[in-house]
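Residues in the sequence shown are numbered from 16 upward in steps of one, following this note's numbering.
All C-beta atoms, glycine included, are put in the ideal place defined by N, C-alpha and C.
Notes for the one structure printed next.
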Amino acid sequence: MYLECINCGRKHDISAVMNTCSCDGLLEIKYDLSKISFKLEERANTPPHVWKYRELLPIRGSPITLMEGGTPLYRCKRLGEECGIKELYVKHEGMNPTGSFKDRGMTVGVSRALELGINTVACASTGNTSASMAIYAAKAGLAALVLLPSGYVALGKIAQALMHGATVLSIRGNFDKALTLIQKVCSEQGFYLLNSVNPYRLEGQKTIAFETVDQLNGRSRTNTPDRVILPVGNAGNISAIYKGYREFHELGVIESVPMMTGIQASGSAPITHAIETGAAAIEPVAHPETVATAIRIGDPINAPKALRAIRESHGLATSVTDEEILKAQKDLARLEGIGVEPASAASIAGLRKLSHAGAIDGDEVVVCIATGHLLKDPETVIRSSHPPVEVSADLNSLYDAIFHPQST
Ligand code: AN7
16 MYLECINCGR
26 KHDISAVMNT
36 CSCDGLLEIK
46 YDLSKISFKL
56 EERANTPPHV
66 WKYRELLPIR
76 GSPITLMEGG
86 TPLYRCKRLG
96 EECGIKELYV
106 KHEGMNPTGS
116 FKDRGMTVGV
126 SRALELGINT
136 VACASTGNTS
146 ASMAIYAAKA
156 GLAALVLLPS
166 GYVALGKIAQ
176 ALMHGATVLS
186 IRGNFDKALT
196 LIQKVCSEQG
206 FYLLNSVNPY
216 RLEGQKTIAF
226 ETVDQLNGRS
236 RTNTPDRVIL
246 PVGNAGNISA
256 IYKGYREFHE
266 LGVIESVPMM
276 TGIQASGSAP
286 ITHAIETGAA
296 AIEPVAHPET
306 VATAIRIGDP
316 INAPKALRAI
326 RESHGLATSV
336 TDEEILKAQK
346 DLARLEGIGV
356 EPASAASIAG
366 LRKLSHAGAI
376 DGDEVVVCIA
386 TGHLLKDPET
396 VIRSSHPPVE
406 VSADLNSLYD
416 AIFHPQST
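In C-alpha cells, the structure reads:
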C-alpha cells in the first residue's frame with residue numbers, strides 16, 4: 016500500500032501522516048491489486064458489511080467497528096415506474112449505526128487514528144460526520160472535537176454528537192469556514208482530521224460499491240449498475256464509490272464501471288456548474304443555501320476527485336431545487352416506505368429530472384444512494400407537513416375526525 020497524489024502522481028509511504036501532497040493535491044490509497052485475489056463466490060456466505068472486504072481496506076490490525084455497512088438494497092418498482100426507470104434500486108445508507116453512510120468511513124478513519132497513537136480526532140461537519148465520528152471515538156476511547164455551522168445542522172445529528180460525548184462547538188460561519196478552521200487546529204495541535212479529505216475515510220466508503228455488486232449478483236441481469244446517483248456535498252462519497260467500482264473492475268469482479276451521477280442543491284452546486292460548463296476546476300459558491308443542510312457546502316474539498324469520477328465514467332451532474340428535493344423525499348417515503356433526510360432525496364429528485372429530460376435511458380439499471388435517515392432531520396418534516404389533528408378522547412369525536420376531517 017502507498018499514498019499517491021492525484022495531481023502530481025507522487026507516491027508517499029503509507030506510514031506518512033498526511034492528507035494532501037506537498038503540491039497540495041489530494042491523496043489516494045493504492046494497493047498492489049495484482050497481489051490480491053478477490054472472488055465474490057468464495058465468500059457468498061458472509062453477509063455484507065464493511066470489513067467483509069478487508070483485504071481492500073488499509074487497516075491490518077483489529078478495527079474499531081460497530082457493525083457498519085450491510086445496508087439494504089431495495090428494489091423500487093413504484094418509484095421506478097413514476098420516474099420511467101424499469102430497474103431502480105435504492106441503497107439505504109440510513110440503516111447504518113448512526114443513520115448515515117459516514118459510519119463506513121469512520122470505522123476506518125478512527126481505526127487509523129488508534130494505529131497512529133493519536134488521542135484526539137476532529138472534524139468540521141454539516142452534522143452527519145460529527146455524529147459518526149462521535150460514536151467511533153467513544154468506542155475507541157478517544158477525545159472528539161466537532162465544529163458545526165451555527166443554526167444549520169439538523170437536530171438529530173447534534174443530539175448524537177452531544178450524547179456520545181464529543182466537544183461540540185458551533186461557529187458563526189458556514190461549513191466551508193469551519194473546515195478551514197479545523198484543518199488549521201489539527202495541524203497546529205496534532206489532532207487527527209477526520210473529514211473526507213482524509214483518504215482513509217474514503218476507503219471505508221468505497222465499500223458501498225462492493226456491497227452493491229454483492230447484492231445485485233444473481234438478482235439483476237448484471238452485477239453492476241449502469242448508473243449510480245447520489246447527492247454531492249464535500250464530494251467525498253462520489254469519489255469513494257467510484258474508486259470502489261474501479262478496484263472491482265481492475266480485479267475482474269465486474270466488467271464495467273457505472274456512470275457516476277452527482278446531484279447538488281441548486282443553491283450550492285459548484286460541481287454541477289463545472290461539469291455543465293466543462294471547466295477544469297470548480298468555482299466555489301460563497302454563500303451556499305439549501306433546505307438539505309447536509310450538502311450546504313460551497314467549496315467541496317474533494318472536487319478534483321469528483322470531477323474526475325464523473326468525467327471518466329461518462330456520468331452526469333445536475334442540480335435540483337429545494338422544492339424538488341422535498342417532493343422526492345415524500346415520494347420515496349410514500350411509494351417505497353423509505354424514510355430519508357432531504358440531502359438523500361436529492362438523488363431521487365435528480366433521477367426524476369434527468370430521466371424526464373431524456374438524459375437517462377429507462378432500460379438502465381439505476382442505483383440511488385440514500386445517504387441519511389429521515390429521523391436525522393425531524394424539524395424539516397414537521398415544517399412541511401400538516402400537524403396531527405387534536406381530538407377529544409371519546410369515540411364520537413374520533414369518528415368525526417376520521418370520517419369528516421374538514422369539520423374538525
Ligand atoms: C446525508 O456531515 O459533509 O459529498 O459534514 O450528510 O461525501 O460530502 C455530510 C455530507 C450527502 C454529501 N448526504 O456527501 C458532513 C457532511 C448526506 C450527508 C452528503 C452528506 P459528500
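Should residue i be labelled buried (16 or more other beta-carbon atoms within 10 Å of its own) or exposed?
i	result
Asp392	buried
Asp314	buried
Met33	exposed
Ile417	exposed
Val404	exposed
Glu394	exposed
Pro62	exposed
Leu208	buried
Glu262	buried
Tyr414	exposed
Met16	exposed
Thr423	Note on Thr423: pLDDT 45, under 50, position unreliable in the model; the coordinate value appears next. It counts as exposed.
Gln421	exposed
Glu70	exposed
Ile290	buried
Gly109	buried
Ala250	buried
Gly76	exposed
Glu356	buried
His388	buried
Gln204	exposed
Leu131	exposed
Gly373	exposed
Using beta-carbon positions only, say whether residue i and residue j come within less than 7 Å of one another.
i	j	result
Asn142	Ala181	In the sequence as presented, Asn is not what sits at residue 142; that position holds Gly. Contact flag unset, no.
His179	Ala149	yes
Arg242	Glu379	yes
Glu147	Thr113	The question names Glu, yet the displayed sequence has Ser at residue 147. Yes, these two residues count as a Cβ contact at 7 Å.
Thr305	Asp337	yes
Ala193	Pro240	no
Ala324	Met275	yes
Ile269	Pro285	no
Leu366	Ile173	no
Ile310	Pro246	yes
Gly40	Asn22	yes
Lys385	Ala364	For the sequence presented, residue 385 should be read as Ala rather than Lys. No, the Cβ-Cβ distance between Ala385 and Ala364 is not below 7 Å.
Tyr89	Val382	no
Leu162	Leu129	no
Ile79	Lys154	yes
Leu84	His107	At residue 84 the sequence reads Gly, which differs from the Leu that was named. Contact flag unset, no.
Gly282	Pro303	yes
Thr287	Ser334	yes
Ala301	Ala280	no
Phe206	Thr135	yes
Asn317	Ser202	no
Ala159	Ile197	no
Phe53	Leu369	no
Given the structure, does residue i come close to ligand 1, in the sense that its CB is under 6 Å from one of the ligand's heavy atoms?
i	result
Val247	yes
Thr122	no
Ser359	yes
Gly330	no
Asn143	yes
Thr386	yes
Gly171	no
Gly251	yes
Ile286	no
Ser399	no
Ile310	yes
Ser185	no
Ser281	no
Ser126	no
Ser362	no
Name the DSSP beta bridge partners of residue i, please?
i	result
Cys23	Per DSSP, none; premise fails for Cys23.
Ser37	Paired residue(s): none; Ser37 is not in a bridge.
Ser185	Leu163
Gln279	Ser334
Cys383	Val105 and Ile244
His459	This structure gives no information on residue 459, because the portion of the chain shown stretches from 16 to 423.
Thr135	Ala158
Leu42	Cys20
Consider the Cβ of residue i: report whether some Cβ of chain D lies at a distance smaller than 7 Å.
i	result
Gly142	Annotation note: the requested chain D is absent from the structure, which comprises a single protein chain.
Are the stretch 182–200 and the stretch 89–105 touching, with three or more C-beta to C-beta distances below 8 Å?
no
The stretch 115–127 in contact with the stretch 214–224 per 3-pair CB rule at 8 Å:
Segments in contact, yes.
On the three-pair Cβ rule with 8 Å, is the stretch 249–262 touching the stretch 220–227?
With a cut-off of 8 Å on Cβ pairs, the stretch 249–262 is in contact with the stretch 220–227, counting three or more such pairs.
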